[in-house]
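Undergrad: Okay, handing you the structure first.
Numbering (the numbering used here), first residue to last: 1 to 279.
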């Protein structure tokens with residue numbers, strides 16, 4: 001049994017909040033620069049150039065990539081051979097509190113959805129915890145901006161729905177979203193489970209490396225099929241037209257009920273952020 005002081009959890013979450021908001025994953029940065037070079041029209045190429053320049057400026061000036069520094073979503077994988085010396089979730093909330101206040105990140109969370117008073121420190125976080133094998137804790141912080149989150153959708157299909165029906169649904173979600181989620185987007189798609197697991201699959205998919213395709217060839221091909229259809233929409237960078245409406249499509253699937261076929265689409269903007277650490 002390995003003992004981990006929850007103060008380590010707090011410090012790690014604090015640092016990850018700041019890191020994720022200032023530095024995009026390398027794979028996504030690469031896709032953005034490749035998209036800039038692939039654009040043929042002057043305006044979308046210039047916009048992609050501005051997006052790429054913004055990444056460089058954020059790094060140089062040590063400031064967030066986007067003014068919406070998101071709601072902190074924290075994925076925690078806790079090894080069953082770990083003993084935590086203190087309240088785990090409170091340690092995560094404290095890490096978010098310190099990360100957003102000490103990192104001078106915008107605080108965007110309200111305590112109640114209808115009585116909208118800002119908490120002032122971006123807490124509470126959204127926490128998803130899994131018990132896994134081993135004696136470590138893996139933390140992933142994924143700040144989620146709501147320009148893109150508001151464009152997300154879920155539909156409870158029946159098993160009669162075909163693969164083409166699902167493709168058309170995802171395309172429709174993006175058509176309805178238009179320029180609102182600050183394209184080019186990253187789409188996380190969950191297929192299967194029940195209502196809430198499907199949405200969680202979609203959120204999890206946004207945290208997968210954009211260079212990695214689904215290990216199941218069937219779903220890897222479906223990812224590419226959807227990506228091709230999305231870019232054929234020519235919504236383009238920031239909605240001004242062009243070849244790049246989506247940078248990546250990640251699908252995660254799970255077993256489901258014989259009477260259902262849930263599909264969730266979690267839309268991420270071009271700054272789909274996440275950072276991880278293993279303690």
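Idealized CB from N, CA, C, for every residue including glycine.
Starting from residue 163, trace the alpha helix (DSSP H) in both directions and tell me its first and last residue.
TA: 163-177 is the span of the alpha helix (DSSP H), which, as asked, contains residue 163.
Undergrad: Note down the Cα distance separating residue 86 from residue 96, rounded to an integer number of angstroms.
TA: Residue 86 and residue 96: Cα-Cα distance of roughly 17 Å.
Undergrad: So for residue 26, helix, strand or coil by DSSP?
TA: Of the three classes helix, strand and coil, the one that applies to residue 26 here is helix, per DSSP.
Undergrad: What separation, rounded to the nearest whole angstrom, lies between the Cα atoms of residue 41 and residue 257?
TA: Taking the straight line from one Cα to the other gives about 47 Å.
Undergrad: Alpha carbon to alpha carbon, what distance is there between residue 124 and residue 65?
TA: C-alpha separation (whole angstroms): 22 Å.
Undergrad: Can you give me the C-alpha to C-alpha distance between residue 68 and residue 91, rounded to a whole angstrom?
TA: Going from the Cα of residue 68 to the Cα of residue 91 covers about 24 Å.
Undergrad: Taking residue 79 as part of the beta strand (DSSP E), name the residues at either end of that continuous run.
TA: Counting along the chain, the beta strand (DSSP E) containing residue 79 begins and ends at 71-79.
Undergrad: So within the region 168-229, which uninterrupted beta strand (DSSP E) runs reach at least 3 residues, ignoring any that extend past its ends?
TA: The qualifying runs are 185-193.
Undergrad: Using C-beta distances below 6 Å, list every residue in its chain close to residue 15, excluding the 5 sequence neighbours before and after it, in chain order.
TA: Excluding residues within five positions, none has a Cβ falling inside 6 Å.
Undergrad: Name, in chain order, the residues that DSSP records as bridge partners for residue 261.
TA: 157, per the DSSP bridge assignment.
Undergrad: Report all residues from its chain with a CB closer than 7 Å to the CB of residue 265; omit the five preceding and five following residues, and keep chain order.
TA: Contacts found: 152, 153, 170, 173, 187, 189, 202.
Undergrad: Check this for me: beta carbons of residue 156 and residue 262, under 9 Å apart or not?
TA: Yes, these two residues count as a Cβ contact at 9 Å.
Undergrad: Ignoring anything shorter than 4 residues or poking outside the region 64-133, list the alpha helix (DSSP H) runs there in chain order.
TA: Complete alpha helix (DSSP H) runs here, min 4: 88-102.
Undergrad: Could you spell out where the beta strand (DSSP E) holding residue 2 opens and where it closes?
TA: Residues 2-5.
Undergrad: Using the three-state DSSP reduction, which class does residue 252 fall into: helix, strand or coil?
TA: Reduced to three states, the DSSP call for residue 252 is strand.
Undergrad: Is there contact between the region 133-146 and the region 18-32, where contact requires at least three CB pairs shorter than 8 Å?
TA: Segments in contact, yes.
Undergrad: On a Cα-Cα basis, can you pick out the residue from 84, 235, 251, 269 that is closest to residue 212?
TA: It is 251 whose Cα lies nearest to the Cα of residue 212.
Undergrad: In terms of residue numbering, what span does the beta strand (DSSP E) encompassing residue 44 cover?
TA: No beta strand (DSSP E) contains residue 44, which is instead part of the alpha helix (DSSP H) from 42-61.
Undergrad: Rounded to whole angstroms, what is the Cα-Cα separation between residue 175 and residue 236?
TA: Approximately 11 Å, taken between the alpha carbons.
Undergrad: Which one or two residues does DSSP pair with residue 143 in a beta bridge?
TA: BP columns for residue 143 point to 72.
Undergrad: Counting only the same chain and skipping the five closest in sequence on each side, list residues whose C-beta sits under 8 Å from that of residue 10.
TA: For residue 10, where only same-chain residues beyond five positions count, the Cβ hits under 8 Å are 91, 92, 94, 95, 98.
Undergrad: Quick one: give me the first and last residue of the beta strand (DSSP E) that residue 280 is part of.
TA: The question about residue 280 has no answer here: the residues shown for the chain are numbered 1 through 279.
Undergrad: Give every residue of the same chain whose Cβ lies closer than 6 Å to the Cβ of residue 180, excluding the five residues on either side of it in the sequence, and list them in chain order.
TA: Around residue 180: 151.
Undergrad: Reducing DSSP to helix, strand and coil, say where residue 13 ends up.
TA: Here residue 13 sits in helix by DSSP.
Undergrad: Work out the CA separation of residue 79 and residue 111 for me, nearest whole Å.
TA: Each residue's Cα considered, the two are about 31 Å apart.
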